[in-house]
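Below is one structure; the comments refer to it alone.
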Amino acid sequence: MESHIELWNLVREELKANLSEVIFNVWLSELELISLDGSRVVLSIGEFKRRIVEQKFLGVLKDAFEKVMGFSVEVSLIDASGSEAKKEQLRQSELEIESKQFENTFKTFVVGSSNKFAHAAATAVAANPGNTYNPLFIYGNSGLGKTHLLNAICHEILQNDPSVNYVIIHGEDFTNELVTSLANKSMSKFREKYRNLDLLIVDDVQFIAGRDASEEEFFHTYNALTDKKKQIVLSSDRPPKEILSLTERLRTRFEWGLLADIQPPDLETRMAIVKQKAEGLGFEIPDDVVQFVAEKLRNNIRQLESAVKKLQAFVIIHGAPLNTITAQNAIKDILNDIKPLPVTIDNIIAEVARTFGGNAADIRSKKRDALSSKMRKVAMYVVNEITDLSKEAIGKEFGGRDHSTVIYNLQEIGKMIEKDRNLAAMVNDIIKNVQEG
Numbered sequence: 033m034e035s036h037i038e039l040w041n042l043v044r045e046e047l048k049a050n051l052s053e054v055i056f057n058v059w060l061s062e063l064e065l066i067s068l069d070g071s072r073v074v075l076s077i078g079e080f081k082r083r084i085v086e087q088k089f090l091g092v093l094k095d096a097f098e099k100v101m102g103f104s105v106e107v108s109l110i111d112a113s114g115s116e117a118k119k120e121q122l123r124q125s126e127l128e129i130e131s132k133q134f135e136n137t138f139k140t141f142v143v144g145s146s147n148k149f150a151h152a153a154a155t156a157v158a159a160n161p162g163n164t165y166n167p168l169f170i171y172g173n174s175g176l177g178k179t180h181l182l183n184a185i186c187h188e189i190l191q192n193d194p195s196v197n198y199v200i201i202h203g204e205d206f207t208n209e210l211v212t213s214l215a216n217k218s219m220s221k222f223r224e225k226y227r228n229l230d231l232l233i234v235d236d237v238q239f240i241a242g243r244d245a246s247e248e249e250f251f252h253t254y255n256a257l258t259d260k261k262k263q264i265v266l267s268s269d270r271p272p273k274e275i276l277s278l279t280e281r282l283r284t285r286f287e288w289g290l291l292a293d294i295q296p297p298d299l300e301t302r303m304a305i306v307k308q309k310a311e312g313l314g315f316e317i318p319d320d321v322v323q324f325v326a327e328k329l330r331n332n333i334r335q336l337e338s339a340v341k342k343l344q345a346f347v348i349i350h351g352a353p354l355n356t357i358t359a360q361n362a363i364k365d366i367l368n369d370i371k372p373l374p375v376t377i378d379n380i381i382a383e384v385a386r387t388f389g390g391n392a393a394d395i396r397s398k399k400r401d402a403l404s405s406k407m408r409k410v411a412m413y414v415v416n417e418i419t420d421l422s423k424e425a426i427g428k429e430f431g432g433r434d435h436s437t438v439i440y441n442l443q444e445i446g447k448m449i450e451k452d453r454n455l456a457a458m459v460n461d462i463i464k465n466v467q468e469g
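Just so it is clear: in the sequence shown, position 54 is 86 by our numbering, and no numbers are missing.
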């Protein structure tokens, strides 16, 4: 290493790679390297955070240094806050800093008719974790604010009790961590970490479905935490009954608490989101431009937020007037990414027919021969995976079939995919080809 600064930067990158952005920003971003003497590392941080970091993250820091340096080290923390008289003042200021670092708080969540119930459930859980709705299961399509609510719950609980032992993790990361623990024969450490939490938040929990080891471990983790009345919050792109490869015992447990869905926001909510994002950037947008953006981007909050940033950059870089024509030019790349739904469904059906060597017309027909039925089920499955269509709407696209028939077909093809790796690969290829085509 050329310098201690270079080493510290590498350690920080290692921490960021192994922790969520929220955790790093709130608890570890203010750490400063004071000294590195052989195998002894001294870091400093404000007294309030020092106590929490020592309790929760000392092992994480030690692991990061040892991975970068290649040998065992001793990590210690000192108080950087100054005199004792300033500690209470520091605590208050740091809480304010944390509030700013958590962009996804309840204060920044725009409530509308499409998400009012999920928001109310989330605030109730945050106010009384473990004793209100356990688990809280929030579901809805990508980009509608599920992750925002999960982070808001975590932030609020930590504001009320900074000593809470918590993990906020993506479903796929849970599986990856489990695989690593199995490979390293460190399952006891994994179980100690997850089964002694006060708060477990898993985003996109559907990613553990169909993975035997992950489901088994999560089942026992779930039981261990709920038995002790510790709070679990989960999110998914669909309700538990529609996670087709999820085991029944997990499905029923996910449904024990409260299910709360989030739907695409209405026009008024979308306009409020655009205004709020603009205000947060110190960017004033005329009402007609706000409405234009909100009308063009209907189904995804992330796209709305991205559009505001692009519009601001476009105005600054090009010196363009802030009007609807400028807005059209600024967000045209986002608009071009949105394919009309009928075109998407036609593409799915055509791709399924091409893959199976069948006729696209047969997929929408009433034909019941083996090939037509299989193609139809696969097409329904893909439509369900990559569009926002309800089960009723999917049924109408496929010969006017009813809601229960669609669910049955989805369950059937889900079971087939679980058992047949070749079919699973074909379906994945179909999804990839449609999305990239």
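Even for Gly, the Cβ is constructed at its ideal location relative to N, Cα and C.
Asked, Found
"Looking at the structure shown, is L109 part of a helix, part of a strand, or coil, going by DSSP?", "strand"
"Return the CA-CA distance between G203 and V265, expressed in angstroms with no decimal places.", "12 Å"
"Can you list, in chain order, the stretches of the alpha helix (DSSP H) that have 4 or more residues and sit fully within the segment 224-305?", "244-259, 280-286"
"Suppose you measure from the CA of K309 to the CA of L51; what does that come to, to the nearest Å?", "26 Å"
"Okay, do the segment 189-199 and the segment 278-292 touch, 3+ Cβ pairs below 8 Å being the bar?", "no"
"Which same chain residues, not among the five before or five after V237, have their C-beta less than 7 Å away from its C-beta?", "G203, L266, S267, S268"
"Could you check what DSSP says for I201 in three-state terms: helix, strand or coil?", "strand"
"Are there 16 or more other CB atoms within 10 angstroms of the CB of R453, so buried, or fewer, so exposed?", "exposed"
"Which runs of the alpha helix (DSSP H) at least 4 residues long sit entirely within the segment 342-429? Give them in chain order.", "356-362, 364-368, 373-388, 392-396, 402-418, 423-429"
"Between I445 and V410, how many whole angstroms is the CB-CB distance? I'm expecting something under 8 Å.", "6 Å"
"When the Cα atoms are used, what is the spatial distance from I363 to L336?", "10 Å"
"Which residue or residues does DSSP assign as beta-bridge partners of S77?", "Note on residue identity: the sequence assigns Ile, not Ser, to residue 77. In DSSP, I77 forms a bridge with D111."
"To the nearest angstrom, how far is it from the Cα of L60 to the Cα of E287?", "35 Å"
"In angstroms, rounded to a whole number, what distance separates the CA positions of I185 and A159?", "9 Å"
"Suppose the cutoff is 7 Å on Cβ atoms and the five residues either side in sequence are ignored; what does the same chain contact list for A359 look like?", "V321, F324, V325, L343"
"By a C-beta neighbour count over all protein chains shown, 10 Å radius and 16 as the cutoff for buried, is S404 buried or exposed?", "buried"
"Comparing C-alpha positions only, which one of R283, A304, E311, F239 sits nearest to Y484?", "Residue 484 is absent from the structure shown; the chain starts at 33 and stops at 469."
"Which partner residues does R72 have in the DSSP bridge list?", "D69, E106"
"Between the Cα of I55 and those of A385, K261, E424, I201, spot the shortest distance and give me the residue it belongs to.", "I201"
"By the three-class DSSP mapping on this structure, what secondary structure does Y440 have?", "helix"
"Starting from F169, trace the beta strand (DSSP E) both ways and give me its first and last residue.", "168-171"
"Quick check: the Cα distance between V211 and S220, rounded to an integer number of angstroms?", "13 Å"
"Should R285 go down as buried or exposed, given a rule of 16 or more other Cβ atoms within 10 Å for buried?", "buried"
"Spatial neighbours of E34 within its chain, please: CB distance less than 6 Å, with the 5 preceding and 5 following residues excluded, ordered by chain position.", "Below a pLDDT of 50, predicted positions are generally treated as unreliable, and E34, at 43, falls in that range; no measurement from the model is reported."
"For I317, which of D298, N331, F346 has the nearest alpha-carbon?", "F346"
"DSSP three-state label for E64, please.", "strand"
"My understanding is that I189 touches P161, with C-beta atoms under 8 Å, so please give their C-beta distance in whole angstroms.", "6 Å"
"For V85, does the three-state DSSP call read helix, strand or coil?", "helix"
"Out of L109, K423, S67, state which residue places its alpha-carbon closest to the alpha-carbon of V438.", "K423"
"Would you call D244 buried or exposed, if buried means 16 or more other Cβ atoms sit within 10 Å of its Cβ?", "exposed"
"With E316 as the anchor, note down where its alpha helix (DSSP H) starts and where it stops.", "That residue, E316, is in no alpha helix (DSSP H); it is neither H nor E in DSSP."
"Can you name, in chain order, every residue of its own chain whose Cβ lies under 7 Å from the Cβ of V157, other than the five neighbours on each side?", "T164, Y165, L168, I185, Q263, V265"
"Near V234, which residues of its chain fall below 7 Å by C-beta distance, leaving aside the five closest residues on each side in sequence?", "I201, G203, F206, L266"
"Which class does V196 belong to by DSSP, given the choice of helix, strand or coil?", "coil"
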